[in-house]
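Numbers in the working numbering are just positions in the sequence shown, counted from 1, shifted up by 351. Inspection log for the structure reproduced underneath, given as structure tokens.
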Amino acid sequence: MYIDERKNLFRSPRGSSNPYFVMAILLVVVLLIAVVRGFAQGEIWPPLVPTPTPTRTVNSFVVEGDTHFEAGNLDKAIESYRQALVLEPNDAHISAELASIMVYSSYTMTTDRERLDRLNEALEVIDQAKAEQPNNSEVLGVRANVLSSLANSNLPEVEKQNFRNLAESEALIAIQLDNGNLLAKAYYAEILMDQFKYEQANDYISQARENGGENLMDVCRIQAYIFEMFREYNLAIEWYKQASDIAPNLTFLYNRIGVLYRYLMQYDTALEYFAKAAGLNNQLGIADPIPYMAIANTYIRMGEAMAASRNAYRALEINPYNPDTYGQVGVIYYRARNYEGSILMLRCAVSGCDAEQSCEAREDVPCESDIVISPLPLTNSTVLYYYTYGSALAGLHRPGIDDNCAEAAAVFRQIREQFLDNDIVMGIVTASENICRINPDEPVATELPSPTPAGTPTPIPTETPISIPTLTPTP
């Protein structure tokens, strides 16, 4: 008999092993081992877990802040230093640097409220540093600078004097703790100058300039300020230039140089420095109307009304939300004899205006924006807008056609309540009241914003927010 196939006669046959199947199993085992090992070594992360990113160090934020400061972008420098302070809240040096940059930043702001808010932020930062290290000379020196800046803000005289006394005390303690603290000596010299202690101020700024102090921007800036107070304007310009050589991207230095050149009637040179400040802002993407306002005021002095109006309008385009900008543009329009335009602008600054009125002031037709302007309180830095507004209303009054004189009377009454002792302001008010035949003793029903208490008024502010005491003529 022929058997074609050999069969197992005593047990059931089993399937034979498949070599490919065995190889697949081995491959899966190897992969599983690799995955487990990857998890253990951190090379593989579970699903839905975000990919880790490197944690930034304090130093990286400080370097970033210094870079922004050197570039002149103070807002970004402040942001970087804030982040550094979050990581190291007890680092006194970081706090001091942050507070100093905040003070510089306040010089670039256009309204009293903005400047005061920024300086209060600086005070909060440096107060925290002092709480941690009360005997740190650097901290106390910077705190003296912050307090001195607050003393030069638009505050009631009692508060200003209190800040100035505190600033003097902090500066003296800082110098006692470290006689080599050149910045503290410079800040103390500035405080003494504001107190009209001229010989002492000269002595301390001379000490601050020793041992390399002339390489510090603030030392040069304060030396320039002292020369400016002594009406040595050419020397002041040279020291402001030296400060700008050390910190070439701080626009407030160029603005100050331009203001002094303008006071000396070197208008073309003044325009060069204002244009340099505007160019730096454009390069950094900073929306700052101050250089354009300065350019406009320079053209007014040159008798070029059209050029002045163009630059004033450019400032308004940059910041159409700021009532102070409307006030400054209104004054420029008034000086350029554009009285109708000045009334529209100054009304927004003094009384506030709704979206339609602000569009009309900006000649934004058709009105596509919803910009409402809040009124500025009457202070020693805004009284210029008030009496210019009243003067424009009185000058354009047409009896029986408009109520300009009634509105002007309300403005003048408010000025009288606060500036009755200021001969310059009251001379302007009285002349305009005579045009409208206004009797200041008669009650006026029209309501205007309530005044904010202020100290000794300075009738014509400069474009830059650096305070100049009354003994120095306003450029």
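Glycine residues also receive a C-beta, built at the ideal position from the N, C-alpha and C atoms. Quick caveat, the model's predicted, so the values are computed rather than measured.
- In this chain, the alpha helix (DSSP H) harbouring H444 covers 443-457.
- According to the DSSP assignment, T649 belongs to the alpha helix (DSSP H) that extends over 641-652.
- Taking all protein chains shown into account, A687 has 16 or more neighbouring C-beta atoms within 10 Å of its C-beta and is therefore buried.
- D705 is not a Cβ neighbour of V716, given a cutoff of 7 Å.
- M644 is not a Cβ neighbour of Q617, given a cutoff of 7 Å.
- With a contact defined as Cβ atoms closer than 8 Å, G746 and I786 qualify at about 7 Å.
- Distance from the CA atom of A422 to the CA atom of L631, rounded to whole angstroms, is 9 Å.
- Measuring C-alpha to C-alpha distances from A658 to each of E691, F412, L622, L436 identifies L622 as the nearest.
- In this structure, DSSP gives C704 an extended state, which the three-state scheme calls strand.
- Nearest neighbour of S595 by Cα position, chosen from M580, Q574, Y614, R613, turns out to be Q574.
- Comparing alpha-carbon positions, the option among W590, Q484, E465 lying closest to S446 turns out to be Q484.
- Sixteen is the threshold: since fewer than 16 other Cβ atoms of the shown chains lie within 10 Å of the Cβ of P370, the residue is exposed.
- With contact defined as three or more Cβ pairs closer than 8 Å, the stretch 491-507 and the stretch 515-524 are in contact.
- Contact fails between the stretch 633-648 and the stretch 431-440, because fewer than three Cβ pairs, one in each stretch, are under 8 Å apart.
- Cβ neighbours of V762 within its own chain (closer than 8 Å, five residues either side excluded): V701, Y737, Y738, Y740, G741, L744, L799.
- Counting every other CB atom within 10 Å of its CB across the protein chains shown gives Q634 a total below 16, marking it as exposed.
- Per the C-alpha coordinates, the member of E668, D675, A656 positioned closest to Y685 is A656.
- Of the candidates L517, D426, A666, T730, T730 places its Cα closest to the Cα of N773.
- Each residue's CA atom was taken as its position, placing P440 and V409 some 10 Å apart.
- A757 and S783 do not touch by the CB rule: their CB atoms are close to 13 Å apart, not below 8 Å.
- Between the alpha carbons of A535 and P674 lies a distance of about 36 Å.
- Of N530, Y555, N424, E550, the smallest CA-CA separation from A540 is found for Y555.
- A contact between stretches requires three or more CB pairs, one per stretch, nearer than 8 Å, and the stretch 462-482 fails this requirement with the stretch 571-591.
- The beta carbons of A450 and V497 sit closer together than 7 Å.
- Separation of the CB atoms of I683 and A638 is rounded to 19 Å, and the pair is thereby denied contact status at 8 Å.
- Taking 7 Å as the cut-off, the beta carbon of S499 is found closer than this to the beta carbon of I542.
- Under the three-state reduction of DSSP, I724 is assigned to strand.
- In terms of CA proximity to A443, N487 leads the group N530, N487, L695, L735.
- An exposed status is given to A385, since fewer than 16 other beta-carbon atoms sit within 10 Å of its beta-carbon.
- Contact between P671 and G703 does not hold, since the beta-carbon distance rounds to 14 Å and is not under 8 Å.
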